[in-house]
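S.K.: After the structure tokens below, expect a handful of questions from me.
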Ligand code: PNS
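In the numbering used here, the protein residues as written are 2 to 164.
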């Protein structure tokens, strides 16, 4: 089965990467899909977020079944267009559950039989979120355990631009 791994990924973290690699071992294809969440204000544009994702997967040469794309619309419309029947989300803690339940049920109502699979985030990354990464780096903290060097470079560029 091929599956979509959707998210804001602002930016993609090693927590996302861990979920991605575990999924890639269990699904025929994993398509990372960078989307917009209307509830969020982003630091990186959708293209920058895709470029970050591409940088992570260029190093994952052992997994040839990982692809990436962006879409500025509904997840299920992308799924219908490219013939995907399922998506994948990582779950860090109970806090994530309510939103995930809502999204999974909304998507399955809008697109009959569209399933959402969940993987539990590795405990090492259970507290890592894109928001935590942004807060720490903006205040000069070390985020190298949580995101790639490329992400740190992109952050530094952004922070310099805004000065
Ligand atoms: O990383 P996030 O912000 O938790 O991901 C949420 C995301 C982007 C997957 C969700 O907001 C989404 O699917 N956005 C695209 C628009 C859409 O299909 N919304 C319906 C979901 S209820």
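Virtual Cβ for every residue (Gly too), placed ideally from N, Cα, C.
Source: prediction; values computed, not measured.
#1: When you compare only the Cα positions, how much space is there between residue 18 and residue 158?
#2: On a Cα-Cα basis, can you pick out the residue from 2, 11 and 163 that is closest to residue 152?
#3: With DSSP as the reference, label residue 70 as helix, strand or coil.
#4: Hey, how far is the Cα of residue 27 from the Cα of residue 155?
#5: Per DSSP, which one or two residues make a beta bridge with residue 226?
#6: Give every residue of the same chain whose Cβ lies closer than 8 Å to the Cβ of residue 25, excluding the five residues on either side of it in the sequence, and list them in chain order.
#7: Just jot down, in chain order, the residues whose CB lies closer than 5 Å to any heavy atom of ligand 1.
#8: How is residue 16 classed by DSSP in three states: helix, strand or coil?
#9: On the CB-based measure, 16 or more other CB atoms within 10 Å of its CB, does residue 91 come out buried or exposed?
M.R.: So, to answer that:
#1: Your numbering for residue 18 matches position 17 in the chain shown. Your numbering for residue 158 matches position 157 in the chain shown. If I take the Cα positions, the gap works out to 23 Å.
#2: Position 151 of the chain shown holds residue 152. Among 2, 11 and 163, the Cα nearest to that of residue 152 is on 11.
#3: Position 69 of the chain shown, counted from the start, is the residue given in the question as residue 70. Residue 70: strand per DSSP, three-state reduction.
#4: The count along the chain shown starts at 1 and reaches residue 27 at position 26. The count along the chain shown starts at 1 and reaches residue 155 at position 154. Those two C-alpha atoms are separated by around 31 Å.
#5: The structure shown does not extend to residue 226, since the chain is modelled only from 2 through 164, so no value can be given for it.
#6: In the chain shown, residue 25 corresponds to position 24, counting from 1. Once the five neighbours on either side are set aside, the close Cβ partners of residue 25 are 31, 61, 64, 66 and 67.
#7: 7, 8, 9, 36, 38, 75, 76, 104 and 107
#8: By 1-based counting over the chain shown, the position of residue 16 is 15. Looking at residue 16 - three-state DSSP - the assignment turns out to be helix.
#9: Your numbering for residue 91 matches position 90 in the chain shown. Per the 10 Å Cβ criterion, buried.
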